[in-house]
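For reference, the structure is listed below as structure tokens.
Residue numbers (the working numbering), protein chains in the order written: chain A, 1 to 328; chain B, 1 to 475.
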């Protein structure tokens, strides 16, 4: 076997055609992904609908208290928006006759996405909710593997791109983020794989979660809480600090609320320290009386009945007027 | 700066853009700077080590060439060999031997022992040390004239496509390419480089990293929790993970070097189509296997001193080959298995097999030999990858037992392996039949376009969700 170098002369300029075909195929896929993003996942549809959410907040009359619930599927399933809007637990304010609650809760998102997403879709767009309720589960205020491409494509706004790139943990992540901002194909490659896998590959459903277990779970409840100096938590703490600062610049009152999960937990110490330091109201509702494991139909998210109880608990806690930075 | 990272390709684009406007001498200077930047990006603390070891061997080579008497030459040779093996010994093996010595002391009831030593292994040290050793030994043997230009030698040692994981180039092959003006990037070089880079990235990103998901699954759990099918599929996946990872790296290194005007040696020739252990080692990590042959096996006497000495030399060479990978009993067992198998095969077959798989016998015989060879290689990989010999034996125990359950998980593993491996094996079989590793570069451009688009799409959509570092970086 050899590597004989006898390229035919007629192929002299052919390689540029090959490169051109490669580039065209990339652009074709990019176009397809942009055109059919909604078919790839419901979650993407939700993200793409965020500007409408922001517009509804902007359009709300002055006498309406606008509340933006920020979180992920835990918040989406865990909060009854109607009840939250219509509930009577809100602190009395003569200028606010009623409440309108909106949701920004992309699947699997955590503090990095919330930080840049709130800035992009709300702060930069001039959408100013009166209250932001940041609902977090056990690990979502700690570092989680976040796809930089997805962050760049769907959460970071163009004016913040350089800041976001600088905030990444490595040069590679910074470059990925910038590329993601330009290419939705790169940002959605994982969605395509799982979609094809679940649809066409026998046994994928059983094998894939097992083979990839642990890759995006983040710190486990059983693991020791990271200390304030823990480098793994530092990026997330920084993101939360930025989010708090963005909320203040927007003139919004930010409340951080822990969401019940089947197993009780405590929000990590570095996060609690930051909330105290920045005097951000924190409502520790990880354990709510009456919310029992049977109210989590999929053993992770609250069901309808649980959501009602949790929303009631939120309203109660807000109504008590949580002291800044303290557990309530 | 991994080859499968955006950072590397931005770095390379910058290097290539400047490089093409420089004349030969400045190209070499610039490549030394680029190579040290590349190496320092991993860990700048080891820049001093590679620089000092380059200086030592540069001057030792001059002394060897200038020393008239054989004794003086030998003395300088020993200086270099001791220095290089000493570096490897300190960084790679000292901690292992101290720990084994302490275990021995504890075993005979002597507490305490030597304090543990935990040194960070300088990346690529085994590769560039062996490359320097080949230069020094070749100068000693008068096979290579020593270079009188320090920068040229520094480039020979640190050339960025190969400094981290080879191929372990010979001075007689690489140094002339450094010392003489190189061909500019023409159509053929661009085409071959593109093929090598794309096929290498495909093997790394699609094959190796996805197979790693499957193999890591079995090595991360106690054998007792795994079905025999899981273990078997995991070992097959491991075989392709290591192959995809290392051959992919070598191909990218070759491709990148080709774009800069260098021709690096071929490191892999479809090793899993080998029909005997000898043939496997003529196809697998060729730069190491030929190094071991030329600088260890032949000096030990090779096959010139009777069958018993030949078997001893084979086993000894492979044991040291195993130890080259790292200080662990699993690598030693891996080397011993390969050495024992080579010796046994030689005992049974009498003479070495001819090259390039031209074995006697029909198609079915050839296929059986190929399957047997592949499975024996897999057995060796099991020890190579296992955390301990105990883990490997526990897995073998499961395979020998009655835990052959085939459920949804196993079905999924087979589906994923088929998705990734069937096109690869079919393509490599075609290349094998054509007897040309670069056959696709000579096909009509349309075929290349189709296959490259397939590779690009697979890399985009089926690249592993967990990118893995190249396995051989840790050696």
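Positions of the beta carbon are idealized from the N, C-alpha and C atoms, including for glycine.
Notebook entry, point to check: residue 127(B) by DSSP, collapsed to three states: which one?
Noted result: helix
Notebook entry, point to check: With DSSP run on the structure shown, which of helix, strand or coil describes residue 136(A)?
Noted result: strand
Margin query: Could you check whether the segment 109-123 of chain A touches the segment 45-54 of chain A, counting it as contact only if at least three pairs of C-beta atoms, one from each stretch, sit closer than 8 Å?
Written below: yes
Next item on the list: Assign residue 255(A) to buried or exposed, taking buried as 16 or more other Cβ atoms, counted over all protein chains shown, within 10 Å of its Cβ.
Entry: buried
Next item on the list: Please go through the same chain and pick out, in chain order, the residues whose beta-carbon is closer than 8 Å to the beta-carbon of residue 40(A), but skip the five residues on each side of it.
Entry: 33, 188, 191, 192 and 195
Check: Whose Cβ in chain A lies nearer than 8 Å to the Cβ of residue 415(B)?
Finding: 201, 202, 203, 204 and 207
Notebook entry, point to check: By DSSP, does residue 280(A) sit in helix, in strand, or in coil?
Noted result: coil
Checklist line | Cβ neighbours of residue 383(B) in the same chain (closer than 6 Å, five flanking residues each side left out) | finding: 330, 333, 334 and 392
Note to self: Strictly below 7 Å CB to CB, what residues from chain B border residue 21(A)?
What the structure shows: 449 and 453
Check: From which residue to which residue does the beta strand (DSSP E) around residue 257(A) run?
Finding: 253-258
Note to self: Taking DSSP's pairing of strands, which residues face residue 183(B) in a bridge?
What the structure shows: Residue 183(B) pairs with nothing; no bridge assigned.
Next item on the list: Buried or exposed for residue 299(A), please, with buried defined as at least 16 other CB atoms from any protein chain shown within 10 angstroms of its CB.
Entry: exposed
Item checked: Distance between residue 213(A) and residue 464(B) (C-alpha atoms, nearest Å) -> 13 Å
Next item on the list: Could you tell me if residue 229(B) is buried or exposed, where buried requires 16 or more neighbouring beta carbons within 10 angstroms of its beta carbon?
Entry: buried
Check: Cβ atoms of residue 28(A) and residue 79(A): under 8 Å apart, would you say?
Finding: no
Notebook entry, point to check: Any idea which residues DSSP pairs residue 104(A) with across the strands?
Noted result: 70(A)
Notebook entry, point to check: By DSSP, does residue 66(B) sit in helix, in strand, or in coil?
Noted result: helix
Next item on the list: For chain B, find out if any of its Cβ atoms is closer than 8 Å to the Cβ of residue 18(A); answer yes or no.
Entry: yes
Check: For residue 387(B), which three-state DSSP category applies?
Finding: coil
Next item on the list: Can you give me the start and stop residues for the alpha helix (DSSP H) that residue 14(A) sits inside?
Entry: 14-35
Check: So is residue 445(B) in contact with chain A if we call contact Cβ pairs under 8 Å?
Finding: yes
Item checked: Rounded C-alpha distance that separates residue 147(A) from residue 43(B) -> 25 Å
Checklist line | Residues bridged to residue 64(A) [DSSP beta-bridge criterion] | finding: 98(A)
Note to self: Please tell me whether residue 226(B) has its Cβ less than 8 Å away from any Cβ of chain A.
What the structure shows: no
Next item on the list: Just mark residue 261(A) as buried or exposed, buried being the case when its beta carbon has 16 or more other beta carbons within 10 Å.
Entry: buried
Margin query: Please state whether the Cβ-Cβ distance between residue 151(A) and residue 177(A) is less than 8 Å.
Written below: yes
Checklist line | Within-8 Å CB hit, residue 26(A) to chain B | finding: yes
Next item on the list: Please determine if the segment 144-159 of chain B and the segment 45-63 of chain B are in contact, where contact requires at least 3 C-beta pairs separated by less than 8 Å.
Entry: yes
Next item on the list: Output, in chain order, the set of chain B residues within a Cβ distance shorter than 8 Å of residue 171(A).
Entry: 7
Checklist line | residue 293(B) to residue 317(B) span [Cα, whole Å] | finding: 8 Å
Notebook entry, point to check: What's the call for residue 18(A), buried or exposed, on a 16-neighbour Cβ count within 10 Å?
Noted result: buried
Note to self: Pop quiz: residue 291(A) and residue 303(A) are said to be a contact at Cβ under 8 Å. What is the actual Cβ separation, rounded to whole angstroms?
What the structure shows: With 8 Å as the limit, residue 291(A) and residue 303(A) do not qualify as a contact, their Cβ atoms being about 10 Å apart.
Margin query: Please report the straight-line C-alpha distance between residue 377(B) and residue 246(B), rounded to a whole angstrom.
Written below: 15 Å
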